[in-house]
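With full-length UniProt numbering, the residue at position 35 of the sequence shown is 35, and numbering never jumps.
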Amino acid sequence: MELPNHEVALVDYEPAYQPHFERLNKWWIERYFVLRPIDIDVLSNPDTHIIRNGGNIIFASLEGKMVGTVGLKRIDEVTAEMTKLAVDEAYHGRKIGWKLVEGILQLARSKGLGKVVLYSNTVLVPALAMYQKLGFREVQAEGNSHERSTIKMEIVLAEQNPHYDVAAQLLEVVNFAAPLLREIPESVAAERPSRYKWSSKEIIGHLIDSAINNNVRFIRSQQISLLEIPGYSQEFWVKGQAWQLSTWQELIDLWVGMNKHLALTIRTIPAAALNNLIRINEKEPVTLQYVVTDYLHHLKHHLSQVKIIL
1 MELPNHEVAL VDYEPAYQPH FERLNKWWIE RYFVLRPIDI DVLSNPDTHI
51 IRNGGNIIFA SLEGKMVGTV GLKRIDEVTA EMTKLAVDEA YHGRKIGWKL
101 VEGILQLARS KGLGKVVLYS NTVLVPALAM YQKLGFREVQ AEGNSHERST
151 IKMEIVLAEQ NPHYDVAAQL LEVVNFAAPL LREIPESVAA ERPSRYKWSS
201 KEIIGHLIDS AINNNVRFIR SQQISLLEIP GYSQEFWVKG QAWQLSTWQE
251 LIDLWVGMNK HLALTIRTIP AAALNNLIRI NEKEPVTLQY VVTDYLHHLK
301 HHLSQVKIIL
């Protein structure tokens, strides 16, 4: 397998590449942790520990140099562990890690695997953020088989995740709308079209209220198959939160932060939970998937009221 991806090519493991596998992984292990005997054994003998049992290792090659690597270690017939992801420090910032993970997931799918897991540590913040964006979500870790890990993540390859698209669209809308909102002067944002209509400040405040309430719905409905939850009085919340008295730029900052977090919340919803039902204000129950999708529609509707055309 040799998959060109812009200037980076993904290349299959050969025994001659073992020194690169060792070199690349030693760097990050020694930087963040302590190199243990088991590490030395795995890095010195990847054929024995990864390849021989039906696993794979791929490398990122750039202009003839091996600048990154990742392994896929078989666990059983349907599951594998993504392991030993490493990128040469001189090539950080070029999304080489992203390309390696995409490549190893593509390989896992081609092998008919249903799930890929990984074990990591919460100190590796950029890596965890990348895994999440690529579709991994945190799951309960078992025992203490990975001494260095403080977090386990997995991606179900056969799972359909329509909410991933909603999360991506939500981020696109926020990133598009935020700079346009910031161009609106404070005095204009505070102006009410009439006594009975909200100002732009109150509209964005209402969208913050919506994010607060829906975040609770998204979380709680994953635990309860039929969640019964009260609605909220929009007018009461807008006045009670005193959005009209908040500064415009601070409102935008809060709205952006809330929705970026909500996009993360949406992405981590297990696909199976999307069919859980929610009954709001004794209305007919709707699925969690409907509530997630409706949240985005509601947000777009109110942005149009402040002249943000999507």
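Using N, Cα and C, we set each Cβ at its ideal position, and we do this for glycine too.
Buried/exposed call for residue i, threshold 16 Cβ in 10 Å
i           : result
N56         : buried
Y232        : exposed
V34         : exposed
E183        : exposed
P46         : buried
residue 311 : Past the edges of the chain, shown from 1 to 310, lies residue 311, and the structure says nothing about it.
F59         : buried
E202        : buried
S221        : buried
E81         : buried
W198        : buried
F218        : buried
I224        : exposed
R74         : buried
E14         : exposed
M1          : With a pLDDT of only 45 at M1, under 50, the local geometry of the prediction cannot be trusted, and no value is derived from it.
E22         : buried
Three-state secondary structure (DSSP) of residue i
i    : result
T48  : helix
F33  : coil
V42  : helix
G205 : helix
A167 : helix
G71  : strand
S225 : coil
L245 : helix
E282 : coil
L118 : strand
K260 : helix
E183 : coil
D253 : helix
K111 : coil
A158 : coil
K84  : strand
T265 : helix
V78  : coil
E191 : coil
E22  : helix
R137 : strand
V11  : strand
K300 : helix
N175 : helix
Candidates the options, of which the one nearest residue i by Cα
i           : options                : result
I269        : H163, Y13, R109        : H163
L118        : K111, P185, V156, H206 : V156
V51         : P37, S149, K84         : Here residue 51 turns out to be Ile, not Val, going by the sequence shown. Taking only the C-alpha atoms, the option nearest I51 is K84.
Q132        : K111, L107, A167, G103 : A167
N259        : H206, L43, A158, A108  : H206
L277        : E228, G103, K65        : E228
A272        : L100, K73, A158        : A158
residue 311 : K65, L245, R279, Q223  : Only positions 1 to 310 of the chain appear in this structure, which leaves residue 311 out of reach.
L10         : I104, E154, L24        : I104
L171        : R267, L107, K26        : R267
R148        : A16, S120, E138, A141  : S120
E282        : L251, P230, V8         : P230
H302        : G240, S210, Q289       : S210
V8          : G54, V67, H49          : V67
K175        : N53, G257, K26         : Inspection of the sequence shows that residue 175 is occupied by Asn rather than by Lys. The option with the nearest alpha carbon to N175 is G257.
I280        : W237, N214, T265       : N214
G135        : T150, E154, G240, Q244 : E154
Residue i versus residue j - alpha carbon distance
i           : j    : result
V173        : K300 : 8 Å
I208        : D165 : 21 Å
L226        : P285 : 8 Å
I212        : G93  : 34 Å
L274        : H20  : 43 Å
Q305        : Q249 : 18 Å
A178        : T287 : 30 Å
P4          : P193 : Unreliable placement is indicated for P4, whose pLDDT of 43 sits below 50; no coordinate value is reported for it.
Q106        : Q18  : 22 Å
L72         : D39  : 16 Å
I308        : L254 : 18 Å
D12         : L100 : 11 Å
G97         : D294 : 34 Å
D88         : L24  : 6 Å
S110        : V123 : 32 Å
T69         : A86  : 5 Å
G112        : K152 : 22 Å
Y196        : P185 : 22 Å
Q241        : V125 : 33 Å
residue 315 : T265 : The requested residue 315 is not part of the displayed model; the chain covers only 1 to 310.
According to DSSP, residues forming a beta bridge with residue i
i           : result
M66         : S61
residue 336 : What the structure shows of the chain is the stretch from 1 to 310, and residue 336 is not part of that stretch, so it cannot be assessed.
M130        : The partner list for M130 (beta bridge, DSSP) is empty, contrary to what the question assumes.
E147        : Paired residue(s): none; E147 is not in a bridge.
V125        : None, per the DSSP bridge assignment.
T287        : L277
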